[in-house]
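The sequence shown begins at 1 in the UniProt record's numbering and counts up by one. Each residue gets a CB set at the ideal place from its N, CA and C atoms; glycine is no exception. The structure appears below as structure tokens.
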Amino acid sequence: MAPHSPSASPPRDAFPSFANGDVDIVLTPVQKLRLHSDVLRGASDKLKELLTIEYAAVLTKKALSEGVNVRYRLELVDVSTTPGDNVGRLVKIRLDHNGRPAPNPGTPRASMALSSHGADPASRAILSAWLSAFGALYGREMHLNTQNRSAVNMADEDYSDDNDDEETLHHHHHQKRKATTAGTMTDLCDIIATTSTVLDVVDYLQLPPSMVAPLELALLGTEQTLWQSVCAAPLAWVELGARLRSFAIWREAAVHVVGGWGDGESGGGSCEWSVAEKCALRREVRELCERKAARFEKWKEELEERLVGYMHEKLRWDVGRERGKGKKDHEPDVFYWQAQVLWGQWLAARFKEGEGKRAKDGGMALYRMIWEGRFCDAVEEQAKLAPLTPGGRKVVSEIVDEMKKDLKKMVEGATISKLKLDQSKMPANRMTPFVIEMRNAPWNKKEIDHRGSAHSNKRRRLESEMRQVPDEEDDLEDHIAQS
Numbered sequence: 001m002a003p004h005s006p007s008a009s010p011p012r013d014a015f016p017s018f019a020n021g022d023v024d025i026v027l028t029p030v031q032k033l034r035l036h037s038d039v040l041r042g043a044s045d046k047l048k049e050l051l052t053i054e055y056a057a058v059l060t061k062k063a064l065s066e067g068v069n070v071r072y073r074l075e076l077v078d079v080s081t082t083p084g085d086n087v088g089r090l091v092k093i094r095l096d097h098n099g100r101p102a103p104n105p106g107t108p109r110a111s112m113a114l115s116s117h118g119a120d121p122a123s124r125a126i127l128s129a130w131l132s133a134f135g136a137l138y139g140r141e142m143h144l145n146t147q148n149r150s151a152v153n154m155a156d157e158d159y160s161d162d163n164d165d166e167e168t169l170h171h172h173h174h175q176k177r178k179a180t181t182a183g184t185m186t187d188l189c190d191i192i193a194t195t196s197t198v199l200d201v202v203d204y205l206q207l208p209p210s211m212v213a214p215l216e217l218a219l220l221g222t223e224q225t226l227w228q229s230v231c232a233a234p235l236a237w238v239e240l241g242a243r244l245r246s247f248a249i250w251r252e253a254a255v256h257v258v259g260g261w262g263d264g265e266s267g268g269g270s271c272e273w274s275v276a277e278k279c280a281l282r283r284e285v286r287e288l289c290e291r292k293a294a295r296f297e298k299w300k301e302e303l304e305e306r307l308v309g310y311m312h313e314k315l316r317w318d319v320g321r322e323r324g325k326g327k328k329d330h331e332p333d334v335f336y337w338q339a340q341v342l343w344g345q346w347l348a349a350r351f352k353e354g355e356g357k358r359a360k361d362g363g364m365a366l367y368r369m370i371w372e373g374r375f376c377d378a379v380e381e382q383a384k385l386a387p388l389t390p391g392g393r394k395v396v397s398e399i400v401d402e403m404k405k406d407l408k409k410m411v412e413g414a415t416i417s418k419l420k421l422d423q424s425k426m427p428a429n430r431m432t433p434f435v436i437e438m439r440n441a442p443w444n445k446k447e448i449d450h451r452g453s454a455h456s457n458k459r460r461r462l463e464s465e466m467r468q469v470p471d472e473e474d475d476l477e478d479h480i481a482q483s
């Protein structure tokens, strides 16, 4: 097909360029959108602020007769090409009576820095984010796996106004020839970066949260790849999950964060996060993690007290209620006492070596060993304790096995995981038995606290119902509280 001049082709009447659009949005000098001011103002508080009636250009009759509709022009400036940095901002460019740009001196203008499709992945992510955000205003869903391709296609099919000089048009055709169709993104790091960038644009434009729901679906579609990423970077994901209002992602990340919180008072335990990292969390999330972690540390302390005081059922008695036993009555218990000593010596040795709640793993290794029954080799250890026949050692070993069943039940609460992560493929290496519910999500609390006055009666009723739920004082978990 022979090449044709972009200026000879009128804007097609569909997103991103409508023939009757009255707003030019310039992402780069060769990548532009022509949209409708009423649509933009109705969906975005930021655009409502930028596209005021007073700012609209007053067009001459000649311009109107020539089909000029554009009365507003916004250009994207202050964009950083570094991933995760500034996605830019929109500035108003004054138009003259003919609809031509007539910017005030010193007004920043859109740059060609983002126009390289192939050389700069960060540029593609930023352009895709802006195109996705504006497309959402026209009912176009955001899809992570097509954003890059959409960015290229939309830009290549875009229009050029008469202000494009020959050098700009030549650059546009050169980049168009270099552009290739981007494949589906399979690298989760790219998806995370793209999601963060889209959310930055959505936040800047002040769009409703419902418009980013497809991003959550795209992330959840990666399944274990997502959960492995959350395990590796829970602090980042607990923030991203809150911005997405994705309870599934936020809950998974919050469970990890609590598991690595540690004992803030004594400084011991599995403290993975620095003070600065903890303080950087949202206040609601930080308070939730502090509360859950403190309750878990207290539970572990009580657990270890119970482990120290544990005795085989055969050796238990009620002080003051049971009559004293004579020597003959105690003689059959000698094997039970030997098993009891083996357990006590093994546990004391573990504590002496620094294992338990004050260890760097918060006690995970110790509790896991007890739960799996990997302690007290009765045959080997008992031989060091007292000389017994093979038959006697077998009896002691059987008693220790009975004790292991009791002890397993005691530590089971600490070994249960509430994660969706498949730990056979990627161990979490932190304890994660925490129940975190929808009512703990930071966006739910904000919605309850900030409803409009028209719903004040409903709000008071809802808050009353919420107070009847043991929200802040709920048990750590039912299975832990009952253990």
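- Thr-52 counts as exposed, since fewer than 16 other beta carbons sit within 10 angstroms of its beta carbon.
- The Cβ-Cβ distance between Ala-248 and Leu-288 does not fall below 8 Å.
- Around the Cβ of Ala-129, a 10 Å sphere holds 16 or more other Cβ atoms; the residue is buried.
- Within the same chain, and ignoring the five residues on either side of Glu-277 in sequence, the residues whose Cβ sits closer than 8 Å to its Cβ are Leu-235.
- Ala-293 sits close to Val-258, with the two beta carbons spaced by under 8 Å.
- When only Cα atoms are considered, Thr-107 and Glu-437 end up about 49 Å apart.
- If you look at Tyr-72, you'll find it in the beta strand (DSSP E) that goes 72-77.
- With a threshold of 16 other beta carbon atoms within 10 Å, Val-275 falls short and is exposed.
- Beta-bridge partners of Leu-95 (DSSP): Pro-101.
- Selection Ala-242, Gly-363, Asp-263 evaluated against Pro-209 yields Ala-242 as nearest (Cα-Cα).
- Using a C-beta cut-off of 8 Å, the segment 196-212 makes no contact with the segment 398-405, since fewer than three inter-stretch Cβ pairs fall below that distance.
- Ile-370: not part of any beta strand (DSSP E); member of the alpha helix (DSSP H) spanning 364-372, first to last residue.
- DSSP places Val-23 within a strand segment (E or B) once states are collapsed to three.
- By the criterion of a C-beta distance shorter than 6 Å, Ala-102 is surrounded in its chain by Arg-94, Asp-96, once the five residues flanking it on both sides are discounted.
- Leaving aside the five residues that flank Asp-24 on each side, the residues in its chain whose CB is nearer than 8 Å to its CB run, in chain order, Lys-32, Leu-33, Arg-34, Val-70, Tyr-72, Arg-73, Leu-74, Asp-161.
- Between Leu-90 and Leu-50, the C-beta gap is smaller than 8 Å, which places the two residues in contact.
- When the beta-carbon positions are compared, Leu-347 and Val-400 stay at least 8 Å from each other.
- Taking 4 residues as the shortest admissible run, the segment 14-66 contains the following complete alpha helix (DSSP H) segments, listed from N- to C-terminal end: 37-43, 45-50, 61-65.
- For Leu-281, the closest of Val-238, Glu-297, Cys-271 by C-alpha to C-alpha distance is Val-238.
- A direct Cα-Cα distance of roughly 13 Å separates Lys-62 from Arg-100.
- If you look at Gln-340, you'll find it in the alpha helix (DSSP H) that goes 334-352.
- Check the Cα spacing between Ala-57 and each of Lys-92, Thr-28, Phe-434: the tightest is with Lys-92.
- DSSP places Arg-89 in the strand class (E or B) of the three-state scheme.
- Between the segment 353-361 and the segment 413-421, the count of Cβ pairs shorter than 8 Å is below three; the stretches do not touch.
- Closest by C-alpha distance to Leu-137, out of Ala-253, Phe-15, Glu-302, Val-68, is Phe-15.
- Counting of Cβ neighbours within 10 angstroms places Pro-332 among the exposed residues, the total staying below 16.
- The C-alpha of Gly-344 is placed about 48 Å away from the C-alpha of Asn-444.
- Between the alpha carbons of Gln-224 and Phe-434 lies a gap of roughly 20 Å.
- Sixteen is the threshold: since fewer than 16 other Cβ atoms of the shown chains lie within 10 Å of the Cβ of Asn-104, the residue is exposed.
- Taking the Cα of Asp-22 as reference, the smallest distance to any Cα among Cys-231, Met-211, Ser-111, Tyr-55 is reached at Tyr-55.
- One Cα belongs to His-36, the other to Phe-18, and the distance between them is close to 8 Å.
- In the three-state scheme derived from DSSP, where H, G and I count as helix and E and B as strand, Asn-440 is classed as helix.
- Relative to the Cα of Arg-245, the nearest Cα in the group Leu-217, Val-308, Cys-231, Gly-262 belongs to Leu-217.
- Listed in chain order, the non-local C-beta contacts of Leu-421 below 8 Å within the same chain comprise Gln-224, Trp-227, Gln-228, Val-230, Cys-231, Glu-252, Ala-428, local neighbours out to five positions each way being set aside.
- No Cβ-Cβ contact shorter than 8 Å links Met-311 with Val-212.
- Secondary structure of Trp-250 (DSSP, three-state): helix.
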